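Right, one structure below, let's go through it.
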Amino acid sequence: MLSAHRRTVTPPAPSPAQRGIQSIEVGGQLLRALAHAGRPLPLKDLAAAAGMAAAKAHPYLVSFGKIGLVEQDRASGRYGLGPLALQLGLMSLQQADPVRIATPLIEDLASASGHTVAIAVWGTHGPTIVRLAESPAAVHINMRHGTVFSITGTASGQLFAAWLGDAAKPLYEAERRAAGARSLPSWAQFVAGTLAEVRAQGLARADGGVVAGVSALAAPVLDHRGQIMLALTAIGPSAALDTRWDGPLAALLRQAGQAASARLGWQPATSAPTS
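For the sequence shown, numbering that gives the first Met the number 0 assigns the number 0 to the initial residue and increments by one for each residue that follows.
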């Protein structure tokens with residue numbers, strides 16, 4: 000007589016690196032909702048924003064309140080982030096290194112776009128390359144660390160000028176004098192024309208402005224105050240590099256810039272550059 004035996008297969012236990020505590024992840028939705036709201040919220044609204052019932056949210060908020068992650072206003076009953084959350088946020092901002100955060104992004108951008116991608120920071124003499132990811136394509140643009148971009152004719156320069164405003168004026172005026180005052184617009188004209196377009200688009204572009212046949216498109220990385228920390232700049236042959244504001248390269252750069260900015264505490268509401 001044959002008998003069949005059912006064998007129960009137990010799935011492998013998750014590795015220590017994968018194992019988490021579900022209740023912490025659930026409660027974290029409330030903290031994320033508060034951070035996204037940017038203001039204290041009533042229990043009902045906070046729970047809804049976190050995708051849970053108020054009765055479920057309340058015990059988490061009580062525990063978070065005991066350790067200082069949230070606090071409840073006695074007068075209004077609204078919940079906001081507490082002193083521990085503030086301390087953690089300040090510590091995170093102090094430890095954040097914009098260049099370190101952006102460096103892995105330019106490798107991905109170079110691979111995805113097929114163009115050389117640089118990180119430029121604002122230096123004594125203007126935007127300066129500090130990191131470079133070479134294009135995977137056969138055609139390379141000869142750039143190197145320490146290269147300084149002009150303000151007048153490069154995407155990186157225009158991007159910094161748009162966000163820095165009058166802080167960039169002295170370098171612009173020096174470039175204008177060197178080139179001959181009549182060959183470049185006045186600072187006021189530059190602000191009202193080129194920089195106004197950069198502010199409106201959130202990107203800067205240059206089509207063969209400095210080196211014939213070479214174009215560039217640049218996106219800013221902003222800190223929690225909305226101030227520019229660095230530029231992510233794609234550089235390539237003008238015939239191959241798409242500088243359209245709504246092109247696929249622009250979308251890649253915007254996405255990367257926003258991802259790095261978010262790591263530095265930036266939120267879209269604080270992103271508008273000041274003149």
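We treat Cβ as the ideally placed atom computed from N, Cα and C, and that holds for glycine. Treat the numbers as computed from the prediction; the structure is a model and nothing was measured.
Whole-number beta carbon distance between residue j and residue i, since they are thought to touch under 8 Å
| i | j | result |
| --- | --- | --- |
| V116 | I105 | 4 Å |
| L248 | S112 | 5 Å |
| D72 | P39 | 6 Å |
| L163 | P219 | That belief does not hold up - the Cβ atoms of L163 and P219 are roughly 11 Å apart, past 8 Å. |
| G64 | G81 | 7 Å |
| V147 | G179 | At roughly 20 Å, the Cβ-Cβ gap does not stay under 8 Å, so V147 and G179 are not in contact. |
When the options are compared against residue i, the one with the closest alpha-carbon
| i | options | result |
| --- | --- | --- |
| H223 | R18, I20, A34 | A34 |
| L85 | A166, L30, L170, T242 | L30 |
| T151 | G79, S182, T242 | S182 |
| S149 | A255, K168, P135 | K168 |
| H124 | E174, E70, P135, R130 | E174 |
| I118 | W244, A101, G192 | A101 |
| G225 | S75, F189, G26, G256 | G256 |
| T153 | G212, D165, A191 | G212 |
| A191 | V25, Q254, D165 | D165 |
CB contact flag (residue i, residue j, <8 Å)
| i | j | result |
| --- | --- | --- |
| A217 | L202 | yes |
| G156 | P126 | yes |
| L252 | L231 | yes |
| R77 | P41 | yes |
| A36 | A49 | no |
| L68 | A56 | no |
| A276 | A160 | Residue 276 falls outside the range modelled here, since the chain spans only 0 to 274, and no answer is possible. |
| A233 | H114 | yes |
| R204 | T242 | yes |
| S185 | G207 | no |
| L194 | W265 | no |
| K43 | A53 | yes |
| S134 | G235 | yes |
| L83 | I66 | yes |
| Q21 | M51 | no |
| W244 | Q200 | yes |
Sheet register partners of residue i (DSSP bridge)
| i | result |
| --- | --- |
| T127 | V120, V147 |
| Y78 | L40, Q71 |
| A132 | V116 |
C-beta neighbour in chain B for residue i, strict 8 Å
| i | result |
| --- | --- |
| A36 | No chain B is present in this structure, which holds just one protein chain. |
Near the ligand HEM: residue i beta-carbon under 7 Å from a heavy atom
| i | result |
| --- | --- |
| H223 | As presented, the structure is devoid of all ligands, the ligand HEM included, so that no description of it is given. |
Runs of 4 residues minimum, wholly inside the region 171 to 255: which ones carry the alpha helix (DSSP H) assignment?
186 to 189, 195 to 200
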